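**Q**
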Amino acid sequence: MDDFLIIKDGVFPILSSVIFLPLAGAMVLLLSSNENFAKYWTLLVTVVTALISLQLYFGFDPTTAKFQFAEHHAWITFQNLKINYTLGIDGISLLLVLMTTLLLPLCVLGSWRYIQTRVREFMICLLIMETSMIGVFVALDFVLFYILWEAMLIPMYLLIAIWGGPRKTYASIKFFLYTLAGSVLLLVAIIALYLQNESFSIPLMMGQAYSSNFQIFVFLAFFLAFAIKVPMFPFHTWLPAAHVEAPTAGSVILASVLLKMGTYGFLRFCLPITPEATITFMPYVLWLSVAGILYGGFTALAQSDMKKLIAYSSVGHMGFVTLGIFVLNKNGIEGAILQMINHGVTTGALFLCVGMIYERTHSRELADATGIGKLMPWYVTFLAFFSLSSLAFPGTNSFVGEFLILVGGFTKNKIVAGCAIPGAVLAAAYMLRMLQKVVWGGANNPAPHGQLLDLNLREIATLAPLLLFVFWIGLSPAPFMEVMHVSVAHLVDQVSNTVPVQAVTMAGLMLP
Amino acid sequence: MNDVMLFVPELWVMFGCLLLFMGSIFNGSGRQARTLSGFIAVGTIILTTFSLYLHGSLFFDAYRVDLFSQLFKFLVAVGLAVVIIFDREVKTVAEEIKVEYYLFLFLSALGLMMVVSCVELLSLFVALELSSFALYLLVPMRNEATGVRTQMEAAAKYIILGVMATGVMLFGMSYLFGLTGTTYLAELLPRLHGLGAQPAAVVGIIMVLGGFFFKLGLFPFHFWLPDVYQGAANETTAFIASVPKLAAVALLIRVSALAMPESQAVSGLLGALAVVSMFYGNLLALVQKDIKRMLGFSGIAHAGYVILGILVLGESGYAASIFYIVGYMVMILAAFLVICNVAVQGENLLVEDLSGLYKRAPVLALVLAVAMFGLAGIPPFVGFMGKFMLLTGALQKGYLAVVIMAAINTAISIYYYLSVVRVVYCAAPEKADTLPLGSLVQAAGLCLVLIIVWLGVAPDFALEMASEAVKAIL
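Chains as they are written, first to last, in the working numbering: chain H, 172 to 683; chain G, 63 to 536.
#1: Report the partner residues of glutamine 239 of chain H according to the DSSP bridge assignment.
#2: For the region 431-443 of chain G, enumerate the residues whose C-beta is nearer than 8 Å to any C-beta of chain H, in chain order.
#3: For the region 311-376 of chain G, list the beta strand (DSSP E) runs that are entirely contained and at least 3 residues long, ordered along the chain.
#4: Given 8 Å as the limit, is there contact between the region 529-536 of chain H and the region 434-447 of chain H, that is, 3 or more CB pairs closer than that?
#5: Work out the CA separation of threonine 97 of chain G and isoleucine 305 of chain H for me, nearest whole Å.
#6: Thinking just about the alpha-carbon of each residue, which of H:Phe229, H:Leu202, H:Ile260 is nearest to the one in leucine 186 of chain H?
#7: What residue range does the beta strand (DSSP E) around serine 119 of chain G cover?
#8: Run through the DSSP bridge pairs and tell me what asparagine 255 of chain H is partnered with.
#9: For the beta strand (DSSP E) that contains lysine 381 of chain H, what are its first and last residues?
#10: Please identify the residue among G:Thr242, G:Ala216, G:Lys277, G:Leu247 whose C-alpha is closest to the C-alpha of threonine 228 of chain G.
#11: Between the region 587-603 of chain H and the region 471-487 of chain H, can you find at least three pairs of beta-carbon atoms closer than 8 Å?
#12: What residue ranges within the region 176-222 of chain H form continuous alpha helix (DSSP H) runs of no fewer than 4 residues, ordered along the chain?
#13: Using a C-beta to C-beta distance shorter than 7 Å, which residues of chain G count as neighbours of alanine 352 of chain H?
#14: Give the straight-line distance between the Cα atoms of phenylalanine 692 of chain H and isoleucine 107 of chain G, rounded to the nearest whole angstrom.
#15: Within its chain, find whatever has a CB closer than 7 Å to the CB of phenylalanine 390 of chain H; leave out the 5 residues flanking it on each side and keep chain order.
#16: Assuming the contact rule is C-beta atoms closer than 8 Å, phenylalanine 640 of chain H and valine 516 of chain H should be a hit. Round their C-beta distance to whole Å, please.
#17: Does the region 494-508 of chain H come within contact of the region 569-577 of chain H, defined as at least 3 CB pairs closer than 8 Å?
#18: Any beta carbon of chain G sitting closer than 9 Å to that of isoleucine 247 of chain H?
#19: For a cutoff of 9 Å on Cβ pairs, would you count alanine 363 of chain H as touching chain G?
#20: What's the gap between the Cα of glycine 100 of chain G and the Cα of glycine 234 of chain G?
#21: Taking only beta-carbon positions, decide if phenylalanine 175 of chain H is within less than 9 Å of chain G.
#22: Answer with yes or no whether the minimum CB distance from glutamine 458 of chain G to chain H is below 9 Å.
#23: Compare the Cα-Cα distances from asparagine 296 of chain G to each of G:Met175, G:Ile474, G:Thr212 and report the closest residue.
#24: Within the same chain, show all residues whose beta-carbon is closer than 8 Å to that of alanine 143 of chain G, passing over the 5 residues directly before and after it, in chain order.
#25: Please determine if the region 243-250 of chain H and the region 283-292 of chain H are in contact, where contact requires at least 3 C-beta pairs separated by less than 8 Å.
#26: Give a yes or no on whether the minimum CB-CB distance between leucine 453 of chain G and chain H is below 9 Å.
#27: Taking C-alpha atoms, which residue in H:Ala420, H:Val657, H:Val219 lies nearest to asparagine 502 of chain H?
#28: Say whether chain H places a C-beta atom closer than 9 Å to the C-beta of proline 288 of chain G.
#29: On a Cα-Cα basis, can you pick out the residue from G:Ile268, G:Gly243, G:Leu308 that is closest to tyrosine 380 of chain G?
#30: Helix, strand or coil for valine 181 of chain G? Go by DSSP, reduced to three states.
#31: Note down, in chain order, every chain H residue with its Cβ under 9 Å from the Cβ of tyrosine 541 of chain G.
#32: If you draw a straight line from the C-alpha of phenylalanine 113 of chain G to the C-alpha of leucine 68 of chain G, how long is it?
#33: Would you mind telling me which residues of chain H sit closer than 9 Å to leucine 123 of chain G, beta carbon to beta carbon, in chain order?
#34: Quick one: is glutamate 242 of chain H near chain G, going by C-beta distance under 9 Å?
#35: Beta-carbon separation of isoleucine 464 of chain H and asparagine 568 of chain H under 9 Å?
#36: Could you confirm whether any beta carbon from chain G is found closer than 9 Å to the beta carbon of glycine 679 of chain H?
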């Protein structure tokens with residue numbers, strides 16, 4: 172174990188407390204029935220969790236690829252199953268954990284007025300979501316990972332199904348069915364890996380010599396689960412439905428964190444555990460990514476519903492992320508990780524913005540929110556910056572990420588990277604179109620529904636931190652990049668030290 | 063004297079049955095019978111707990127008391143007690159036969175408690191029939207809904223199919239006896255091994271197993287199951303759906319541990335039955351509107367899962383099967399606790415009747431949601447952990463295809479479980495009233511939820527216990 176984990180005895184278990192604090196907060200909420208208390212309590216719990224998690228950044232040692240802040244306890248010992256409670260973070264998961272903990276208080280703030288019914292239950296769902304999301308990013312035991320990965324579906328389902336929009340039933344069931352169907356074979360692959368290694372430890376499974384057929388079987392099972400979660404074209408159809416119907420906080424969590432689990436899965440499992448199969452399937456995945464980028468861009472261009480527009484733009488942006496991961500070089504992967512964070516910040520912020528309009532006009536149609544620039548100057552200022560960030564305008568965070576991904580792409584395969592370029596142009600087209608309509612509109616803008624008050628202090632406080640990160644990452648990405656250099660270099664090593672599987676062996680997809 | 067000690071829990075239940083019989087002779091009231099039953103059931107739990115670690119044999123070695131049997135007796139007692147606790151007044155059973163209702167409930171439980179100890183074919187048969195005949199009588203004990211005599215139809219189907227399954231089982235036993243000249247399970251195994259790959263032996267074993275499959279509701283012995291679930295009173299269904307399945311699994315394990323030939327044909331057949339059961343149960347459950355019928359079909363699918371553990375033919379597999387069926391019992395009891403208490407008149411519930419349950423009874427809504435997610439096999443509930451153990455064991459033995467089929471079935475089944483959760487939490491209530499609930503019922507529900515979560519996240523204790531029990535018979 173010492174080969175992979177850095178365990179310090181007698182140190183305050185930061186990871187466990189970050190995971191279980193929200194859960195404990197949810198338990199407390201079960202006992203109270205006061206709705207206002209529920210809001211403030213949840214805000215307090217998420218803020219404290221975020222503050223504790225900051226320790227992870229300051230205590231992080233960027234010079235090692237081992238898993239830090241590790242915790243390791245025996246959990247299920249029955250029949251030599253050796254299922255452990257193992258946690259740890261490296262340069263790949265650190266930023267994702269921080270993004271999750273920092274976003275959650277903003278989600279609470281964003282739901283402050285949006286959620287009017289069953290507030291307490293909503294907050295409980297949010298807190299349980301936080302526990303399982305952080306857990307997925309830090310779990311280093313496959314059973315622990317899978318339990319959290321699946322358990323997350325329940326609160327997310329409830330978030331959409333109870334507090335969602337008019338087609339919530341359809342959207343929530345589609346979300347649940349799609350993601351569950353994707354991950355059932357993941358479980359079989361996990362057990363198959365266990366039978367090979369006699370252990371469920373994720374670091375132990377990396378870099379083992381598995382037979383080619385076995386790798387292909389495992390890779391395909393992984394790929395199905397993670398590609399649905401990302402979602403990659405053509406598995407994306409659950410996403411627009413779920414995004415559109417979910418309440419604001421649900422959309423933010425979906426876009427910012429849940430989608431990242433798919434790409435995190437690729438980085439953590441596909442690449443280091445099945446490197447041969449990764450190289451074999453790389454061309455196909457790259458082209459699927461390009462298809463996703465273009466498809467997402469064109470579809471977003473045609474939307475009149477703001478949430479749908481952002482949802483489809485996510486398909487495109489996540490296409491860039493998978494592109495960056497599967498070019499399998501340092502620039503590409505670092506760009507992809509950074510872009511995961513960027514997408515979380517920017518798209519989360521955009522969903523919050525749409526939610527704020529929705530609270531005022533009860534409509535997400537672009538046509539109902541035209542020309543509100545003169546009524547809500549603060550709002551459109553924020554919206555403008557986030558839109559620019561979304562289309563990767565230089566100086567904003569996404570520019571750095573996309574740039575790195577494309578650099579990685581061009582060193583790997585010029586044709587693929589060239590085909591992805593129009594995606595960036597499309598992003599500019601659909602974001603500017605939305606921005607133009609919302610801020611200025613046409614000559615005769617329809618009278619806005621209801622009273623359009625500008626942002627209040629709470630809403631500004633919700634958006635301002637995200638804007639800070641947009642420019643921080645955009646202008647000075649070094650503090651974010653330097654934590655991942657060593658881990659990514661290690662990952663690239665793990666992949667490149669293998670030989671690709673011959674396509675012939677794919678004929679028999681059997682276990683050895 | 064010592065031998066009597068081994069038999070104390072059974073004697074206590076017999077004594078309880080006698081008391082209830084007296085009550086029926088002297089026209090006791092339903093309320094008295096219920097109080098008495100609760101008392102006997104709690105006593106049974108206590109006695110079975112104390113006799114957990116006893117071991118020995120009785121009745122010319124036909125009846126073995128070991129950890130395996132005692133564990134199952136304890137579980138039967140717990141299941142029985144939960145059923146008695148949560149039906150406050152078995153609404154649909156006429157007042158004048160309520161005492162008999164409880165009498166037969168206990169007789170059935172007595173049969174099940176005895177059958178898990180039997181290691182001789184004839185005594186096993188007698189104990190199994192004791193429990194079955196009591197159940198045949200329980201099913202029609204339900205007031206008639208206007209114009210529909212579903213309970214009679216259900217009872218008729220149950221008894222006809224049940225007797226047929228019994229006949230098949232007896233026929234199989236006669237084969238085994240004819241081949242080996244003994245009815246003792248312990249002597250059967252070596253003598254069967256001596257016979258080599260004798261087809262008659264395989265046929266005999268499978269026919270005997272068929273009788274147990276009938277109790278478990280495995281395809282193709284499942285035909286009684288949806289109708290009986292639908293026709294019987296809610297409380298009766300709760301019992302039939304949970305406790306006899308425990309005993310069926312115990313018997314399957316006992317017989318396959320002692321006498322199962324290591325034959326490709328048998329394990330291939332079991333695997334096929336398991337897969338067909340899962341698909342059949344889950345696909346038909348998708349279209350059900352009556353919630354009890356839906357749970358009936360889902361039960362067929364779960365029977366398929368349990369078989370995955372038997373298939374492994376080893377300690378870990380059997381332990382996983384026990385763990386799974388115990389988890390199943392807890393989850394199904396939790397579901398029926400809600401059903402019995404939502405059906406104020408004891409009527410059959412459609413899935414839509416649960417609309418907006420979260421408003422009418424938040425605790426019941428939570429219990430039902432946890433039970434449904436658990437049955438679907440979503441972590442962190444026991445349904446997932448059980449399934450995980452079964453799949454791990456089966457894959458270890460190389461049943462890749464069966465394991466993949468089982469995994470796919472999880473995805474199929476989630477739809478109908480989710481539709482229940484959806485109406486409970488998302489639909490507007492059809493009736494605005496809050497349900498009248500006793501605090502005992504709510505506490506029992508929350509206890510079941512706690513057990514479901516506890517077994518799901520910390521299964522070690524239960525698994526070790528099951529494993530110890532299996533070791534006692536291997």
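Quick reminder that beta carbons are idealized off the backbone N, C-alpha and C, glycines included.
This structure is a prediction, so every number in the text was calculated from the model and none was measured.
**A** Put simply:
#1: By one-based count along the first sequence, residue 239 of chain H stands at place 68. According to DSSP, which records beta bridges pairwise, glutamine 239 of chain H is partnered with H:Ile260.
#2: Phe435, Ile440, Pro441, Pro442
#3: none
#4: no
#5: As a first step, residue 305 of chain H must be located in the first sequence, where it is residue number 134. As a first step, residue 97 of chain G must be located in the second sequence, where it is residue number 35. Rounded to the nearest angstrom, the two C-alpha atoms are 50 Å apart.
#6: Within the first sequence, the letter at position 15 stands for residue 186 of chain H. Minimum Cα distance to leucine 186 of chain H is reached at H:Ile260.
#7: Here residue 119 of chain G refers to the residue found at position 57 of the second sequence. Looking at the DSSP string, the run of the beta strand (DSSP E) that includes serine 119 of chain G is 118-120.
#8: On the first sequence, residue 255 of chain H is found 84 positions in, with the first residue counted as 1. DSSP lists H:Ala245 as partners of asparagine 255 of chain H.
#9: Within the first sequence, numbered from 1, the residue matching residue 381 of chain H stands at position 210. According to the sequence as given, residue 381 of chain H is tyrosine; it is not lysine. Judged by DSSP secondary structure, tyrosine 381 of chain H falls outside any beta strand (DSSP E); it is assigned neither H nor E.
#10: Sequence index remark: in the second sequence, residue 228 of chain G carries index 166 (1-based). Checked all of G:Thr242, G:Ala216, G:Lys277, G:Leu247; the closest Cα to threonine 228 of chain G is G:Lys277.
#11: yes
#12: 185-202
#13: The residue you call residue 352 of chain H lines up with position 181 of the first sequence. Result: Ala473.
#14: Shown here, chain H extends from 172 to 683; a query on residue 692 of chain H therefore has no answer.
#15: Locating residue 390 of chain H in the first sequence gives position 219, where the first residue counts as 1. These residues qualify, in order along the chain: Cys441, Thr445, Ala448, Thr449, Phe452.
#16: Taking the first sequence and counting its residues from 1, one reaches residue 640 of chain H at position 469. Taking the first sequence and counting its residues from 1, one reaches residue 516 of chain H at position 345. Cβ-Cβ separation between phenylalanine 640 of chain H and valine 516 of chain H: approximately 5 Å, consistent with a contact (criterion under 8 Å).
#17: yes
#18: For the purposes of this step, residue 247 of chain H is identified with residue 76 of the first sequence, where counting begins at 1. By this cut-off, isoleucine 247 of chain H is an interface position.
#19: Indexing the first sequence from 1 puts residue 363 of chain H at position 192. At least one beta carbon of chain G lies nearer than 9 Å to the beta carbon of alanine 363 of chain H.
#20: The residue you call residue 100 of chain G lines up with position 38 of the second sequence. The residue you call residue 234 of chain G lines up with position 172 of the second sequence. C-alpha separation (whole angstroms): 39 Å.
#21: Position 4 of the first sequence holds residue 175 of chain H. By this cut-off, phenylalanine 175 of chain H is not an interface position.
#22: Counting from one through the second sequence, the residue named residue 458 of chain G turns up at place 396. Yes, because at least one Cβ of chain H sits closer than 9 Å to the Cβ of glutamine 458 of chain G.
#23: Within the second sequence, the letter at position 234 stands for residue 296 of chain G. Among G:Met175, G:Ile474, G:Thr212, the Cα nearest to that of asparagine 296 of chain G belongs to G:Thr212.
#24: Start at 1 with the first residue of the second sequence, and residue 143 of chain G comes out as number 81. So the qualifying residues of the chain are Gly100, Ala103, Val104, Thr106, Ile107.
#25: no
#26: By one-based count along the second sequence, residue 453 of chain G stands at place 391. It does; some Cβ of chain H falls within 9 Å.
#27: By 1-based counting over the first sequence, the position of residue 502 of chain H is 331. Looking at the Cα atoms, H:Val657 is the closest of the given residues.
#28: Here residue 288 of chain G corresponds to residue number 226 of the second sequence, with the count starting at 1. No, its Cβ sits nowhere closer than 9 Å to a Cβ of chain H.
#29: As a working mapping, residue 380 of chain G is identified with position 318 in the second sequence. Checked all of G:Ile268, G:Gly243, G:Leu308; the closest Cα to tyrosine 380 of chain G is G:Leu308.
#30: Walking along the second sequence from the start, residue 181 of chain G turns up at place 119. In the structure shown, valine 181 of chain G sits in coil (DSSP, three-state: anything other than H, G, I, E or B).
#31: For chain G, the structure presents residues 63 to 536; residue 541 of chain G sits outside this window and is missing.
#32: If you number the second sequence from 1, residue 113 of chain G lands on position 51. If you number the second sequence from 1, residue 68 of chain G lands on position 6. Correcting the residue identity first, residue 113 of chain G is serine in this sequence and not phenylalanine. Serine 113 of chain G and leucine 68 of chain G: Cα-Cα distance of roughly 7 Å.
#33: Walking along the second sequence from the start, residue 123 of chain G turns up at place 61. Note on identity: in this sequence residue 123 of chain G is aspartate, with leucine being the wrong assignment. Neighbours of aspartate 123 of chain G on chain H: none; closest Cβ ~31 Å, over 9 Å.
#34: Along the first sequence, one-based indexing puts residue 242 of chain H at 71. Judged by the 9 Å Cβ criterion, glutamate 242 of chain H is not in contact with chain G.
#35: If you number the first sequence from 1, residue 464 of chain H lands on position 293. If you number the first sequence from 1, residue 568 of chain H lands on position 397. The answer is no: Cβ separation not under 9 Å.
#36: Your numbering for residue 679 of chain H matches position 508 in the first sequence. At glycine 679 of chain H the pLDDT is 43, less than 50, meaning the model places this residue with poor confidence; the figure from the coordinates comes in the next sentence. False, the Cβ-Cβ gap to chain G never drops below 9 Å.
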